[in-house]
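J.:
Protein chains in written order, with the working numbering: chain A, 1 to 186; chain B, 1 to 381.
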């Protein structure tokens with residue numbers, strides 16, 4: 001089964017880092033195959049940037065995303081650039097406060113996560129991407145929860161493990177509530 | 001990062017990083033280079049890792065001096081490498097010829113991008129394939145590997161070092177931006193890394209001739225300070241290493257530079273075949289384009305098309321005997337390349353009119369779609 005996931009946002013939000021952690025979770029900790037292709041150049045440092053992750057049980061031949069089934073979009077610009085390309089029945093996770101002007105496309109499930117606000121409440125907005133990863137595994141099961149957490153903790157700088165773990169768990173909790181419709185956001 | 005020269009374990013790393021790790025695992029302890037996208041991650045990694053393992057990293061003023069420093073590093077006894085991309089590869093050509101002429105083992109990784117000139121600095125290309133063989137003036141044999149993944153960036157860089165030492169010559173790793181920048185699992189296992197040591201003289205210093213070949217046509221090399229005669233010149237030289245500017249010496253010397261690769265092809269050439277037994281149409285592919293070709297191959301087989309793939313691990317020396325044999329059994333061959341037609345010329349030459357050979361070109365900046373290659377296969381049936 002081939003899974004195609006695209007992360008989009010602006011440079012500095014940890015978009016590429018989120019893609020890296022996801023690919024690592026699948027390929028190192030789940031022992032599947034994963035490839036990450038990230039946007040490169042000035043866009044990775046300010047403008048809309050993306051990280052494309054393909055996960056497969058089999059060896060991956062063609063490494064590029066064709067049409068993603070999961071989109072994680074963390075800025076309005078990324079939403080405008082990438083939201084048009086998604087599989088029917090796909091899942092879209094949006095940064096609730098940074099992607100405000102949203103159309104509800106048919107056949108796609110949208111979930112809005114206030115990742116930056118949750119991160120700020122935990123102490124630093126820098127972990128907003130990890131909040132999003134928590135929500136991602138709660139909503140999509142693209143990667144096993146424990147493996148994703150292992151990947152987060154093995155990727156973040158020393159001394160920030162606790163903050164990142166709390167960010168991941170908070171994101172997971174919020175995502176779980178979203179699918180049970182305990183919080184608005186669909 | 002790590003003070004281990006060989007980082008045994010599983011890593012999620014990009015191709016450039018894997019290339020640097022492969023070099024370190026193969027014993028490289030001297031890197032001289034100049035930053036250029038999409039190669040810079042190799043130099044960046046080397047700049048961190050070399051001091052950790054007791055090696056030297058030098059950022060030179062340009063690519064001309066980078067390859068010059070690498071040749072010097074090798075003459076001094078180090079396993080040495082540089083890495084660059086198309087524009088830098090062009091600048092290195094003169095001293096690559098010096099490395100060939102002086103039979104200096106070293107590795108040059110070229111992370112190709114869209115070309116010519118400055119081209120597409122941040123995007124994929126395979127436009128330097130012919131340059132790898134013909135870029136520097138004159139005749140000489142070439143060994144070049146074409147990896148298709150970060151894992152192969154590690155594995156083939158190790159191979160490149162070993163072949164450089166075994167055949168005493170610069171060896172190329174011809175990768176591209178996509179492989180350099182994509183991240184995948186790379187498994188490193190120290191117990192599986194084999195190292196071909198420097199071919200040191202075994203005779204008395206008085207009897208040593210630095211360019212006297214062994215039976216395999218390859219000479220031995222002493223480093224300066226070991227008590228043996230060391231003489232380095234780009235002029236045509238005799239076995240003692242002294243310039244001797246006549247036809248006989250030119251024939252012996254340059255003939256051997258070609259023959260040491262050509263006559264050892266059985267040891268050097270590596271290719272993989274997939275689905276070849278009953279194949280009616282064939283894809284000949286290498287590097288990044290191979291992964292797209294695999295997608296096309298699978299789709300073809302699902303549609304009942306008897307397709308096969310010959311994947312070149314070494315693109316140079318070109319496996320003409322093998323391609324010639326395959327060309328007799330199939331209705332046609334397609335060659336997808338991220339250039340407007342380079343290795344396809346070799347495939348045509350080797351096929352010698354036995355079958356139709358069709359290029360599937362891509363100008364660079366992206367990958368083919370598997371369907372493009374599939375359509376070309378179908379058109380041959």
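Note that beta-carbon positions come from the ideal geometry of N, C-alpha and C, so glycine has one too.
Quick one: which residues of the region 359 to 370 of chain B get their C-beta closer than 7 angstroms to a C-beta of chain A? List them in chain order.
T.: Within the region 359 to 370 of chain B, the residues whose Cβ lies closer than 7 angstroms to some Cβ of chain A are 367 and 370, listed in chain order.
J.: Strictly under 8 angstroms for the Cβ-Cβ distance: is residue 337(B) near chain A by that measure?
T.: Output row for residue 337(B): interface = no.
J.: If you run the structure through DSSP and keep just helix, strand and coil, what is residue 10(A)?
T.: Residue 10(A): strand per DSSP, three-state reduction.
J.: With 8 angstroms set as the bound, which would you pick, yes or no: does the beta-carbon of residue 275(B) sit closer than that to a beta-carbon of chain A?
T.: No, residue 275(B) lies away from the interface with chain A (no Cβ there is under 8 angstroms from its Cβ).
J.: Could you give the distance in angstroms between the alpha-carbon of residue 116(A) and the alpha-carbon of residue 126(A)?
T.: Their backbone Cα atoms lie some 8 angstroms apart in a straight line.
J.: On a Cα-Cα basis, can you pick out the residue from 239(B), 205(B) and 133(B) that is closest to residue 226(B)?
T.: Nearest C-alpha to residue 226(B): 205(B).
J.: Which residues, taken in chain order from the region 180 to 191 of chain B, show a beta carbon closer than 9 angstroms to some beta carbon of chain A?
T.: Result list: 181, 182, 183, 184 and 185.
J.: For residue 221(A), return the contacting residues in chain B, with the cut-off set at a CB-CB distance below 7 angstroms.
T.: The structure shown does not extend to residue 221(A), since chain A spans only 1 to 186, so no value can be given for it.
J.: In terms of alpha-carbon separation, which member of 237(B), 159(B), 330(B) and 302(B) lies closest to residue 283(B)?
T.: The candidate whose alpha carbon is nearest that of residue 283(B) is 330(B).
J.: Reducing DSSP to helix, strand and coil, say where residue 121(B) ends up.
T.: The answer is strand: DSSP assigns residue 121(B) an E or B state.
J.: May I have the straight-line CA-CA distance separating residue 22(A) from residue 291(B), to the nearest angstrom?
T.: About 22 angstroms.
J.: For residue 351(B), is the classification buried or exposed, using 16 other Cβ atoms within 10 angstroms of its Cβ as the cut-off for buried?
T.: When all chains shown are included, residue 351(B) counts as buried.
J.: Thinking C-alpha only, which one of 150(A), 169(A) and 2(A) is nearest residue 57(A)?
T.: Ranking 150(A), 169(A) and 2(A) by Cα distance to residue 57(A) puts 2(A) first.
J.: Over the uninterrupted alpha helix (DSSP H) stretch that includes residue 29(A), give me the two end residues.
T.: That residue, residue 29(A), is in no alpha helix (DSSP H); it is neither H nor E in DSSP.
J.: So is residue 314(B) buried or exposed if we call it buried at 16+ other beta carbons inside 10 Å?
T.: With 16 or more other Cβ atoms within 10 Å, it is buried.
J.: In three-state terms, what does DSSP make of residue 35(B)?
T.: The answer is coil: DSSP assigns residue 35(B) none of H, G, I, E or B.
J.: Which stretch, first to last residue, makes up the beta strand (DSSP E) that contains residue 384(B)?
T.: There is simply no residue 384(B) to check, as chain B begins at 1 and stops at 381 in what is shown.
J.: List, in order along the chain, the chain A residues whose C-beta lies closer than 8 angstroms to that of residue 31(B)?
T.: In chain order: nothing, as chain A lies at least about 22 angstroms away.
J.: May I ask which residues mark the beginning and end of the beta strand (DSSP E) holding residue 71(A)?
T.: That run of the beta strand (DSSP E) goes 70 to 73.
J.: Given that a residue counts as buried once 16 or more other Cβ atoms are within 10 Å of its Cβ, and exposed if not, what is residue 231(B)?
T.: Flag for residue 231(B) reads exposed.
J.: Could you check where the beta strand (DSSP E) with residue 170(A) kicks off and where it finishes?
T.: From DSSP, residue 170(A) is part of no beta strand (DSSP E) but of the alpha helix (DSSP H) over 161 to 179.
J.: Which partner residues does residue 91(A) have in the DSSP bridge list?
T.: Beta-bridge pairing links residue 91(A) to 70(A) and 109(A).
J.: Would you call the region 60 to 69 of chain A and the region 85 to 100 of chain A in contact, with 3 or more CB pairs under 8 angstroms?
T.: The region 60 to 69 of chain A, when compared against the region 85 to 100 of chain A, does touch it at the 8 angstroms Cβ threshold.
J.: Counting only C-beta atoms, is residue 294(B) closer than 8 angstroms to chain A at any point?
T.: Yes, contact with chain A.
J.: Between residue 162(A) and chain B, is the shortest Cβ-Cβ distance under 8 angstroms, so that the two count as touching?
T.: Answer no: the Cβ-Cβ gap between residue 162(A) and chain B never drops below 8 angstroms.
J.: Give the secondary structure of residue 145(B) by DSSP, where H, G and I count as helix, E and B as strand, and everything else as coil.
T.: In this structure, residue 145(B) counts as strand in the three-state DSSP scheme.
J.: If residue 25(B) and residue 193(B) are in contact, beta carbons under 8 angstroms, what's the gap, nearest whole angstrom?
T.: Yes, they are in contact, since the Cβ atoms of residue 25(B) and residue 193(B) sit about 5 angstroms apart, within 8 angstroms.
J.: According to DSSP, is residue 318(B) helix, strand or coil?
T.: Residue 318(B): coil per DSSP, three-state reduction.
J.: So, helix, strand or coil for residue 12(B), using DSSP?
T.: Looking at residue 12(B) - three-state DSSP - the assignment turns out to be strand.
J.: Compare the C-beta of residue 129(A) with all C-beta atoms of chain B and state if any pair is closer than 8 angstroms.
T.: By this cut-off, residue 129(A) is not an interface position.
J.: What is the residue span of the alpha helix (DSSP H) that residue 50(B) lies within?
T.: Looking at the DSSP string, the run of the alpha helix (DSSP H) that includes residue 50(B) is 40 to 52.
J.: Distance check for residue 234(B) and residue 316(B), CA to CA, integer angstroms please.
T.: Each residue's Cα considered, the two are about 23 angstroms apart.
J.: Between the C-alpha atoms of residue 50(B) and residue 2(B), what's the straight-line distance to the nearest angstrom?
T.: Rounded to whole angstroms, residue 50(B) to residue 2(B) spans 10 angstroms at the Cα level.
J.: Can you tell which of 78(B), 167(B), 125(B) and 150(B) has its C-alpha closest to the C-alpha of residue 388(B)?
T.: There is no way to answer for residue 388(B), as the model of chain B reaches only from 1 to 381.
J.: Buried or exposed: which applies to residue 36(A), given that a residue is buried once 16 or more other Cβ atoms fall within 10 Å of its Cβ?
T.: Residue 36(A) comes out buried.
J.: Measuring alpha carbon to alpha carbon, tell me which of 5(A), 17(A) and 10(A) ends up nearest residue 151(A).
T.: When only C-alpha atoms are compared, the closest one is 17(A).
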